[in-house]
Amino acid sequence: MTTMVAEQQLTVFEKGAPGRRAFVAPALDVPEVDPRALLPDALRRSEPAALPELSEPEIVRHYVNLSKRNFDLDSGFYPLGSCTMKHNPRLHERVAALPGHARLHPLQHPSRAQGALELMWNLERSLAEISGLPHVSLQPSAGSHGELAGVLLSRAYHEARGETRTKVLTPDTAHGTNPATVTMAGMEVVKVGTAPDGGVDVDDLRAKADESVACLMLTNPNTLGIFDANIAEIAHIVHDVGATLYYDGANLNAIMGITRPGDMGFDIVHFNLHKSFTQPHGGGGPGSGPIAVSDRMEPYLMDPRIVRLDDGGFDLRGDSPDSIGRLRGFQGNYGCFVRCYAYIRSLGAEGLRDASATAVLNANYLLARLGDLAPLLPLAHGERCMHEFVLSGAPMKRELGIRTLDLAKRLLDHGFHPPTVYFPLLVDEALLIEPTETETRETLDAFAEAVAEILAEAAEDPEIARTAPHTTPVRRLDEAAAAKRPVIRQAL
Ligand SMILES: Cc1ncc(COP(=O)(O)O)c(C=O)c1O
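As numbered in the working numbering, residues 2 to 493 make up the sequence shown, in order.
Right, dumping it as structure tokens:
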């Protein structure tokens, strides 16, 4: 027993024995080639690489045991705010694994990949309908990659008009990727403040919006879980100075089928297929961040584009004279497109609307349950939130001597993944909670009860939360050191 546990702590390099194999290749039935003929000496190691040598059962146990040490959406509630950790339907995995999808080579000639192109074209049409913006590119690999595409499009748009605009307005409630993207695109971030109601400070926006502004990047609902009631006025102010409007659509899970960025006057929106549209994420799979744009941005959209031909077939075209070009190799993360399309087709328009409505209902239910738990302070401006909400642990820290981080870690002992903590930055001791539509009322109740228990326990003995977690494979970690100095390879 002890030996087995100790064995599980070893890295894959410390297991196995020289010569041990999981698979024995059949004897060669073609002439053997001297590897030195394939790779020049200068590129070869002097010693063979020290690779692990294990039997198949050892490999299976190694990875299965590692997977059990993780917290995942399939084993528990994962209310990570701003991340939309909703259930990933198994049907999507089955269709993505069909050989016609999974074995398609990215260099396959378009004439032999008609089904894939048709799926992508249909997906583009669906995302255009959901966003209210007619032109779509599926290329970007993540939300932040979509942001980069959007800012580059905005710059191309202004340059084509002979304007040099260098500033991008970003509200201080924005996700961190927004200002990072602006900087990466070589433009200047100008922060816009937040009004007491949690929306954009319209006076501050008016003061900063001038002819040097290329774009406003807005997340709506924002990271406080609030839908900006002044959206029409905001769009008007920005368009009035000739700037473009970028909609960070990562929080689309609150509004799908209910309202559309295009109808609000936005020019560009990105989607997080790995959030709103069920692509597994958070270590579980690659992302996808398509963008949809208005007519005036279309000439600059990335190439190549999928086109429908007169005979009903599909092709890729890469000759748009004003396009910003390619943003990545091939067409994007195709498996994400299959899952997303399966989701949209199986839910339909009504289903998507229902998903958003239920996500908002679940968040409000949990807010109502947790909002009563002094000393946690609900920050829903007004009574309601959208798909997520923020609590401040500042009173809890003052009165019970435990911090938001302690509460988060103690939740792991109750079998729950913690919510997002210390974000948004403008809230002291923030907890950002997003339950999603795929959780039951029983789960939400159990979570609220766990929080209540932790608070009651901390009133008696705060040390238990301060030293949590106590039941997980690893205890409290030095997260700053893990982020700044990760040790990700075995010293050989
Ligand atoms: C509001 C918001 N915008 C942008 C992003 C960036 O998306 P990604 O992580 O796919 O780059 C996120 C991700 O969590 C987000 O929550």
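In this text, a Cβ means the ideal position worked out from N, Cα and C, and glycines have one as well.
Could you check whether the stretch 287-297 touches the stretch 394-406, counting it as contact only if at least three pairs of C-beta atoms, one from each stretch, sit closer than 8 Å? With the cut-off at 8 Å, the stretch 287-297 and the stretch 394-406 do not touch.
Which residues in the same chain have their Cβ closer than 6 Å to the Cβ of glycine 187, if we skip the five residues on either side of it in sequence? none
Per the contact definition of three or more C-beta pairs closer than 8 Å, is the stretch 438-447 in contact with the stretch 99-109? Flag = no, the stretch 99-109 and the stretch 438-447 do not touch.
Which of helix, strand or coil DSSP assigns to isoleucine 259: coil
Ordered along the chain, which non-local residues of its own chain (more than five positions away) have a Cβ less than 6 Å from that of proline 80? Pro420, Ile434, Glu435 and Pro436
For cysteine 386 versus leucine 413, is the C-beta spacing smaller than 8 Å? Contact flag unset, no.
Alanine 114 versus valine 96 - alpha carbon distance: 16 Å
Would the stretch 220-232 count as touching the stretch 154-161 if we require 3 or more Cβ pairs under 8 Å? In short, these stretches do not touch, since the Cβ pair count stays below three.
Would you mind sorting aspartate 241 into buried or exposed? The rule is 16 or more other CB atoms within 10 Å of its CB. exposed
Can you give me the Cβ contacts of glutamate 148 inside the same chain, cut-off strictly under 8 Å, excluding the 5 residues immediately before and after it? Thr178, Asn179, Thr182, Met218, Tyr247, Asp249, His271 and Gly290
Since isoleucine 238 is in the beta strand (DSSP E), which residue starts that stretch and which ends it? That residue, isoleucine 238, is in no beta strand (DSSP E); its alpha helix (DSSP H) goes 232-241.
Straight-line CA distance for leucine 317 to proline 305? 6 Å
Who are the Cβ neighbours of leucine 493 in its own chain at under 8 Å, not counting the five residues just before and after it? Low confidence applies here, because leucine 493 scores a pLDDT of 49, under 50, leaving its location unreliable and the question unanswered by this model.
Assess contact between the stretch 253-269 and the stretch 341-354, defined as three or more Cβ pairs (one per stretch) separated by less than 8 Å. Is contact present? yes
Counting only beta-carbon separations shorter than 8 Å, does leucine 246 have a partner in chain C? No chain C appears in the structure shown, which is made up of a single protein chain.
Starting from the C-beta of valine 190, find all residues in its chain whose C-beta is less than 7 Å away, skip the five residues before and the five after it, and write them out in chain order. Val169, Thr171, Pro180, Val183 and Thr184
For a test of your reading of the model: does the CB of alanine 451 fall under 7 Å from any non-hydrogen atom of ligand 1? Yes or no. Checking every heavy atom of ligand 1 against the Cβ of alanine 451, none is found closer than 7 Å.
Under 6 Å Cβ to Cβ from glycine 144, same chain only, skipping five residues before and after it: list those, please. Ala251, His271, Asn273 and Gly290
Just the Cα atoms here: how many angstroms apart are glycine 326 and methionine 298? 14 Å
Cβ-based neighbour list, alanine 469, same chain, cut-off 6 Å, excluding 5 preceding and 5 following: Lys410, Arg411 and Asp414
Look at the Cβ atom of isoleucine 345, then the Cβ atom of tryptophan 122, and state whether they are nearer than 8 Å. One thing to note: isoleucine 345 has its Cβ no nearer than 8 Å to the Cβ of tryptophan 122.
Under the assumption that lysine 16 contacts proline 49 (Cβ atoms under 8 Å), give the Cβ distance between them as a whole number of angstroms. Not a contact, Cβ separation roughly 18 Å.
So, with DSSP's three-state summary, where would you put leucine 493? Because the pLDDT of leucine 493 is 49, which lies under 50, any placement of that residue in the model is unreliable, and the question is left without a value.
Grouping DSSP H, G and I as helix and E and B as strand, with all else coil, what is histidine 136? strand
What is the DSSP secondary structure of lysine 410, reduced to helix, strand or coil? helix
Just to check, is the beta-carbon of phenylalanine 249 closer than 7 Å to a non-hydrogen atom of ligand 1? Rather than phenylalanine, the amino acid found at residue 249 in this sequence is aspartate. Within the cutoff, so yes.
Measure the C-alpha to C-alpha separation of phenylalanine 424 and glutamate 389 and round it to an integer number of angstroms. 12 Å
Between which two residues does the beta strand (DSSP E) containing proline 463 stretch? Taken as a continuous stretch (DSSP letters only), proline 463 belongs to no beta strand (DSSP E), being part of the alpha helix (DSSP H) at 463-467.
Could you tell me if valine 475 is buried or exposed, where buried requires 16 or more neighbouring beta carbons within 10 angstroms of its beta carbon? Taking all protein chains in view, the Cβ of valine 475 is surrounded by fewer than 16 other Cβ atoms within 10 Å, so the residue is classified as exposed.
Of all the options Ile238, Asp407, Val65 and Ala484, which has the alpha carbon lying nearest to the alpha carbon of arginine 1? Lying outside 2 to 493, the shown extent of the chain, residue 1 is not represented and no answer is given.
For leucine 124 versus phenylalanine 315, is the C-beta distance shorter than 8 Å? In this structure, phenylalanine 315 does not lie closer than 8 Å to leucine 124 by Cβ.
Would you kindly work out how many angstroms separate the C-alpha atoms of threonine 167 and alanine 215, rounded to a whole number? Taking the straight line joining both Cα atoms gives about 6 Å.
Is it right to say tyrosine 342 is buried, meaning 16 or more other beta carbons lie within 10 angstroms of its own, or is it exposed? buried
Should alanine 360 be counted as a contact of ligand 1 given a C-beta to heavy atom distance under 7 Å? no
Does the Cβ-Cβ distance between serine 347 and leucine 128 come in under 8 Å? By the CB criterion at 8 Å, serine 347 and leucine 128 fall outside the cutoff.
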